[in-house]
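Here the sequence shown is numbered in my numbering, starting from 1286 and rising by one per residue. All C-beta atoms in this analysis are idealised placements derived from N, C-alpha and C, irrespective of residue type, glycine included.
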Amino acid sequence: MTTPDATASPAVRARGLTKVYGEGAAAVHALAGVDVDFHAGAFTAIMGPSGSGKSTLMHLLAGLDTVTSGTVHLGDTELTKLDDDALTLLRRHRIGFVFQSFNLLPMFTAEQNILLPLELAGHKVDREWFDTLVETLALRERLDHRPSELSGGQQQRVAIARALIARPEVVFADEPTGNLDSRSGAEVLSFLRRSVRELGRTVIMVTHDPAAAAYADRVVLIADGRIAGQIDDPTPESVLAGLDALRSLETPVQGPVR
Ligand code: ADP
1286 MTTPDATASP AVRARGLTKV YGEGAAAVHA LAGVDVDFHA GAFTAIMGPS
1336 GSGKSTLMHL LAGLDTVTSG TVHLGDTELT KLDDDALTLL RRHRIGFVFQ
1386 SFNLLPMFTA EQNILLPLEL AGHKVDREWF DTLVETLALR ERLDHRPSEL
1436 SGGQQQRVAI ARALIARPEV VFADEPTGNL DSRSGAEVLS FLRRSVRELG
1486 RTVIMVTHDP AAAAYADRVV LIADGRIAGQ IDDPTPESVL AGLDALRSLE
1536 TPVQGPVR
């Protein structure tokens, strides 16, 4: 297992992050000053009640939406300084995405879907890495299948391989098990965890499911647009307890998040 080095510079860092939707009386303060680090080589889950700002935070960290104030760094690059074109390139080359709805192209085979990011980026296929991903995600027998010929869990595994194929610095997974039954969901989460522990990748996952969050190395709790604590080596029980503490106390659960 790869133990993340907490002293290494974080893969993703946010400081003073705020996001206001709308204006005047209709303004919604979705994020109210978020400071958080996500370590390289770690699997981190972002959890919190519905409406707490999880999706907003993920969108800002991934450069999918603009901040109201504050900074986001991916490695040494400040995302919050980049224009749209630079952000598009950065997302294509340095970030992988896994969505709840898989987002595979229906007319392409599993293999073609996995290789698509390399085609878009104009990069050569690293066959060794492709094979490693296919083996790790147990997709060898499915490579010639189209998405309609795959189960939900298999489609999501293809989506994970697609997210990892260009060796991005970080993979953002947005409710990756939201459309899966619990068995396929557990399988997908195990594969995500293997991609971190065995392949050294960095994964940040948004979820509302304590059982899913328990697959991560660390859970960052968010409430009312603020970081409300963190749980290291989470279990479903400790995550549930953390969420309960948020609801009743609204005080930090395990100290500041750095
Ligand atoms: P979560 O993912 O934790 O459910 P969100 O980040 O989606 O929370 O939302 C945080 C807050 O911001 C909520 O009050 C939500 O209604 C609001 N919000 C999110 N997106 C928008 C938007 N595009 N326009 C206005 N309000 C939004």
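- The bridge partners DSSP lists for Gln-1385 come to none.
- Contact check between the segment 1451 to 1464 and the segment 1380 to 1391: three or more CB pairs, one atom from each, fall below 8 Å, which counts as touching.
- Taking every protein chain shown into account, the CB of Val-1410 has fewer than 16 other CB atoms within 10 angstroms, so this residue is exposed.
- Per the coordinates, the alpha-carbon of Leu-1302 lies some 19 Å from the alpha-carbon of Asp-1369.
- In chain order, the residues positioned with their C-beta nearer than 6 Å to some heavy atom of the ligand ADP are Tyr-1306, Gly-1307, Val-1313, Ala-1315, Gly-1333, Ser-1335, Gly-1336, Ser-1337, Gly-1338, Lys-1339, Ser-1340, Thr-1341.
- Note that the C-beta distance between Ile-1507 and Ser-1354 is not below 9 Å.
- DSSP, reduced to helix, strand and coil, places Arg-1468 within a helical segment of the structure shown.
- Of the residues assessed, Arg-1425 falls on the exposed side of the cut-off, its CB having fewer than 16 other CB atoms within 10 angstroms.
- Scanning its chain for C-beta atoms nearer than 7 Å, with the 5 sequence neighbours on each side dropped, one finds around Ser-1386 the residues Asn-1464, in chain order.
- In this structure, Leu-1359 and Val-1455 form a Cβ contact; the two beta carbons are roughly 7 Å apart against a cut-off of 8 Å.
- For Phe-1393, there is no enclosing alpha helix (DSSP H), as DSSP gives it neither H nor E.
- Of the candidates Arg-1511, Pro-1295, Thr-1351, Ser-1475, Pro-1295 places its Cα closest to the Cα of Asp-1361.
- Non-local beta-carbon contacts of Leu-1435 in its own chain, meaning distances under 8 Å to residues more than five positions away in sequence, involve Ala-1395, Arg-1427, Val-1443 in chain order.
- The distance from the Cβ of Pro-1432 to that of Gln-1441 is about 10 Å, inconsistent with a contact at the 8 Å cut-off.
- Straight across, the Cα-Cα distance linking Met-1490 with Leu-1346 is about 12 Å.
- By the neighbour-count criterion, in which 16 or more other beta carbons inside 10 Å mark a residue as buried, Gly-1510 falls on the buried side.
- Within the segment 1318 to 1350, the runs of beta strand (DSSP E) at least 3 residues long that lie entirely inside it are, in chain order, 1328 to 1332.
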